[in-house]
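As structure tokens, the structure follows; a few thoughts come after it.
In this note's numbering, the protein residues as written are 6 to 929.
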């Protein structure tokens, strides 16, 4: 092994080896069980962000873990065609040449998208490889490939034939720049400063006026009523009367509806059913007309007075307000903060827009999907997310599935010249089924399907459905879906509905819902804050100037670019270090609790890079002490296990059980903590040090040395297998060298069995004895540290108040104690003998005394004792308070109360000893 761990030198080498040799493909199961995960398909336009990296680390950990358990394991990769995002990329390319998609035509435009996809669409899959992800790349799918496209058509046609897909005019989120309906997930609402206009609507009978408050005066042209609360005493007598719509002259009714908030504004609300979602529902309740007053560009259409026609909506607002003021119909204008919905791609303000769209009637599909979670066929982890799921499913609305763009699955519907609609898998099928010959001209629907429609079929369409393939039989339902909570509605729920409908199975047995990755301060990562991190930058490192240039590019406004640059320079003044993939993955695993938010701190990356270095150096120590020696793994020569060997083997069994339990329950944070603590503290800091006296002592037998070398390599090899699912690269590199010494065969660690705990290898007596040894050594080291005694100075130690067990363990472990505590001598005093003035440490009842004459600063030692005495007195007071609480004593289990009393007695004994020691040192 190289002297220093260099992640860059091994990562590319091992990933190519794994992929080239087909190790990611499902292996034959040795357990009779299968395990599968479908990757949530990232956008083909995208690049790996922190959320992806976190989520993919979790999935890869699960996949590698279950692969090593012997299950036939499939991680299905693929990407989503990302209709709007991908179309925008290619449209920008055309715009740079002075062209639009309409200039080149639909077919040529689609060809250009496919060309772009072939050249640039694989960025994120390349980055996934950098992250060490191990999906079966030979099965990679794309939501627009032929197989998935056929599945989409099949589902659409079947739902239409059952009356579950229909076309209707309803209100949608409309992007006036992209000219398409968009889903709620593609709308970002943020608080912005606006105004609340109070406008007078004259009563038609001339008896006065009503004042309505609105944030959007430009929509008044589409008003169909003024609504008041039925219990509002101010307006009860006006219900049923009419007002004259200002600037239009149309008469509209005053209606009563419980939805109206009497406290908001004036308690009178203008109702514009074609331009507001709440008004739309009220309009349906009261059978109001639906009047659309805007074009697809959000300009005013022919439905408004002539002077406003063609005006952009905000220009129409300005003019309408001016005209109302001129007529004396503006009563007040107040500043008002409101949530403004913007398209996440175009950043344009979204307009509620009445238009013809295709819908899925989901009520019938929702019931089985609700039942699947209620009866436990699908389990949410954490369980509380089931409430979010039920809340949405119980109030579900029909799903708008059509989009007015060109890139995507074109809706399989055709129209004749009379406007009749025909749905089928192909035009030929439509003609054949409906008896239409070539004399009947047909035109296919221009719209495409919402991207979420195809991704709702992801778990079964990727396995070959509607064909009943062997893969579908073997790997469906999938084992778990790993996803963020923000798409429970848009993807998780729809997958459950669609998969149950078309396969009769749930899509997955569990849904592990993880949180969002935030920065170290808990802030959401955003470009404007300058706190966005690129996972590849964390792996490879990046200097400040390169980081700045990455973040201030393209068509960004100079002011915004300057703001980002300033924030970036402040946040990352020294650039970003190279941490390597394994350190990044370990960091993600350590953060993967069941909480919502994940605070990503670069200090953690540094800590886990140090961990990788620690593991590397430990392996080098093991190899230096075992290569070329008999490690006892061939079982031919006798070996003897030391106390330290028995202890580390016992602890290994306990950690194996603990880590497996945590991974199975999706507590990757607890699993990583257990692995970290065992590797760093117990194996490296303790066991490797405890091995040195055995290996270096001339008094050690060949059998003892052979036993220690055997334990060194066997525990390290096992530990590497335990760590591999989280940190695959470093573990593979080390394992290749260590495996032969541990008599392990195989081409790769990733196909080795995952370690299983064996209780028969746990020696509780050895664990207890070694823990005593550790406490002894730590007691001496603590005194050294607190008394500022040089680590290399050999110390005399005096022991008092030994039990029979203390005497036995002392006799057994002179070598460990003298070597690791660096002791000059060990003297045992009887109860009648007087000890010199000494610093004291406790191991149970036994006192470890280090004579202070010439060694310590008296005042510093007295200060240390005072602190310890104060701590013990505080603990004793707390314990006595608990034990004097009748409720605690009555309700707590008897064993708990007994243990608490034992701890109190031990603390009182320790306090007495410390006070005695304080008195002795005071007299020096």
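Glycine residues also receive a C-beta, built at the ideal position from the N, C-alpha and C atoms.
Legend entry - For residue 597 and residue 525, the rounded distance between their alpha carbons: In a straight line, the C-alpha of residue 525 is about 15 Å away from that of residue 597.
Legend entry - With 16 other Cβ atoms within 10 Å as the buried cut-off, status of residue 100: Per the 10 Å Cβ criterion, exposed.
Inset, instruction - Select from 913, 907, 714 and 668 the residue whose C-alpha is nearest the C-alpha of residue 74. - result: The option with the nearest alpha carbon to residue 74 is 668.
Legend entry - Which of helix, strand or coil DSSP assigns to residue 82: It is coil, neither helix nor strand.
Inset, instruction - Output the residue ranges of the beta strand (DSSP E) runs that lie fully inside the segment 555-612 and measure 3 residues or longer, sorted by chain position. - result: If only complete runs of 3 or more residues are kept, the segment 555-612 shows the beta strand (DSSP E) at 602-604, in order along the chain.
Inset, instruction - Please name the residue or residues paired with residue 259 in a DSSP beta bridge. - result: Its beta-bridge partners are 231.
Legend entry - Inter-residue Cα distance where the pair is residue 786 and residue 655: The alpha-carbon of residue 786 is positioned some 25 Å away from that of residue 655.
Inset, instruction - Tell me, please, whether the segment 35-48 touches the segment 152-159 by the rule of three or more beta-carbon pairs shorter than 8 Å. - result: Too few Cβ pairs lie closer than 8 Å, so no.
Inset, instruction - May I have the straight-line CA-CA distance separating residue 751 from residue 36, to the nearest angstrom? - result: The straight-line gap from Cα to Cα measures roughly 19 Å.
Inset, instruction - Quick one: give me the first and last residue of the alpha helix (DSSP H) that residue 64 is part of. - result: Note, residue 64: alpha helix (DSSP H), 55-73.
Legend entry - Cross-strand partners of residue 90 (DSSP beta bridge): Listed as beta-bridge partners of residue 90 by DSSP are no residues whatsoever.
Inset, instruction - Look up residue 204 in the DSSP assignment and give the residues it is bridged to. - result: Residue pairing of residue 204 in beta bridges, as defined by DSSP: 217 and 335.
Inset, instruction - Starting from the Cα of residue 71, find the closest Cα among 102, 51 and 31 and give me that residue. - result: Measuring from the Cα of residue 71, the nearest candidate turns out to be 31.
Inset, instruction - Taking 8 Å as the threshold, find out whether the segment 801-810 comes into contact with the segment 884-900 through three or more Cβ pairs. - result: By the Cβ test, the segment 801-810 is not in contact with the segment 884-900, since fewer than three Cβ pairs between them sit closer than 8 Å.
Legend entry - Neighbourhood of residue 447 by C-beta, 8 Å cutoff - its chain only, sequence neighbours within 5 removed: 419, 420, 421, 427, 432, 435, 436 and 441.
Inset, instruction - State the start and end residues of the unbroken beta strand (DSSP E) segment that holds residue 361. - result: Where residue 361 is concerned, the enclosing beta strand (DSSP E) stretches over 356-365.
Inset, instruction - Reducing DSSP to helix, strand and coil, say where residue 806 ends up. - result: In the structure shown, the three-state DSSP call for residue 806 is coil.
Inset, instruction - Determine, using beta carbons only, whether residue 374 and residue 267 come nearer to each other than 7 Å. - result: No. Outside cutoff.
Legend entry - beta strand (DSSP E) runs wholly inside the segment 247-310, at least 3 long, in chain order: Listed in chain order, the beta strand (DSSP E) runs fully inside the segment 247-310 are 247-249, 256-261 and 274-276, counting runs of at least 3 residues.
Legend entry - Terminal residues of the beta strand (DSSP E) in which residue 856 lies: Unbroken beta strand (DSSP E) run through residue 856: 851-856.
Inset, instruction - Could you tell me if residue 595 is buried or exposed, where buried requires 16 or more neighbouring beta carbons within 10 angstroms of its beta carbon? - result: With at least 16 other beta carbons inside 10 angstroms of its own, residue 595 counts as buried.
Inset, instruction - Compute the distance between the beta-carbons of residue 714 and residue 824, then report whether it is under 7 Å. - result: Cβ atoms of residue 714 and residue 824: not closer than 7 Å.
Inset, instruction - Enumerate in chain order the residues of its own chain whose CB-to-CB distance from residue 164 is below 7 Å, with the five nearest sequence positions on each side excluded. - result: For residue 164, same chain residues with a beta-carbon under 7 Å away, outside a window of 5 residues either side, are 170 and 365 in chain order.
Inset, instruction - Could you have a look at residue 29 and say whether DSSP puts it in helix, strand or coil? - result: In the structure shown, residue 29 falls within a coil segment according to DSSP collapsed to helix, strand and coil.
Inset, instruction - Specify the secondary structure class of residue 814 as computed by DSSP and reduced to three states. - result: Helix, per DSSP.
Legend entry - Collapsed DSSP secondary structure at residue 824 in the structure displayed: Helix at residue 824.
Legend entry - Buried/exposed call for residue 119, threshold 16 Cβ in 10 Å: When all chains shown are included, residue 119 counts as exposed.
Inset, instruction - Would you grab the beta carbon distance between residue 209 and residue 247 for me? Rounded to a whole angstrom, and I think it's under 8 Å. - result: Residue 209 to residue 247, Cβ: 4 Å. Contact.
Inset, instruction - Would you mind stating whether residue 362 and residue 218 have Cβ atoms separated by less than 7 Å? - result: No, they are not a contact pair.
Legend entry - Per-residue DSSP class, three states only, for residue 519: Three-state result, residue 519: strand.
Inset, instruction - Give the single residue among 487, 278 and 877 whose Cα lies nearest to the Cα of residue 918. - result: Taking each of 487, 278 and 877 in turn and checking the Cα distance to residue 918, the smallest one comes out for 877.
Legend entry - Reference residue 660; option with closest CA among 601, 612, 762 and 729: Considering only alpha carbons, the answer is 762.
Legend entry - Residues near residue 235 in its chain [Cβ-Cβ closer than 8 Å; skip 5 each side]: Cβ contact annotation for residue 235 (same chain, cutoff 8 Å, sequence separation greater than five): 241, 244, 261, 262 and 263, in chain order.
Legend entry - residue 158 - DSSP class collapsed to helix/strand/coil: In the structure shown, residue 158 sits in a helix (DSSP, three-state: H, G or I).
Inset, instruction - Leaving out five residues on either side along the sequence, give the residues of the same chain with a beta carbon under 6 Å from the beta carbon of residue 357. - result: These residues qualify, in order along the chain: 176, 280, 281 and 282.
Legend entry - Beta-bridge partners of residue 39, as assigned by DSSP: Residue pairing by DSSP places residue 39 opposite 77 in a beta bridge.
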